[in-house]
Amino acid sequence: MRIRTLCPHCRELAIARTSREVSRTMKEIIYQCTDAECSHSFVVMHEAVRTLSPSAKPSAAVSLPISQHTRDRVMKQLELIG
Ligand SMILES: [Zn+2]
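First residue of the sequence shown: 9, per the numbering used here; consecutive thereafter.
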């Protein structure tokens, strides 16, 4: 599967050409616009920003905030128990 986004200049499809891991939660991706007249190439930062459902195999190297939605759901479950 190819990772795609829109070119910020001409709004045509842009395709990921290369990527590198900056950290466990961030990746840098270089995109190339498919419009021959534009040919813009640009860098996108792809970052995991919050947890929706906690990992069953958590890594001590990763610290992501828990989404408010998940926090509210867990608090409701704790209220039901208590
Ligand atoms: Zn373009």
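For every residue, glycine included, the Cβ atom is placed at its ideal position computed from N, Cα and C.
beta-carbon E87 near ligand 1 non-hydrogen atom, thresh 7 Å: no
Any 3 or more C-beta pairs closer than 8 Å across the stretch 72–79 and the stretch 36–52: no
Beta-carbon gap between C15 and A24 smaller than 8 Å: no
Contact test: D80 Cβ vs ligand 1 heavy atom, cutoff 7 Å: no
N-terminal and C-terminal residue of the alpha helix (DSSP H) that L86 is part of: It spans 76–89 - the alpha helix (DSSP H) in which L86 sits, taken as one unbroken run.
Same chain only: Cβ atoms within 6 Å of I11, ignoring 5 sequence neighbours per side: The beta carbon of I11 sits closer than 6 Å to the beta carbons of A24 from its chain, once the five residues preceding and following it are set aside; these are given in chain order.
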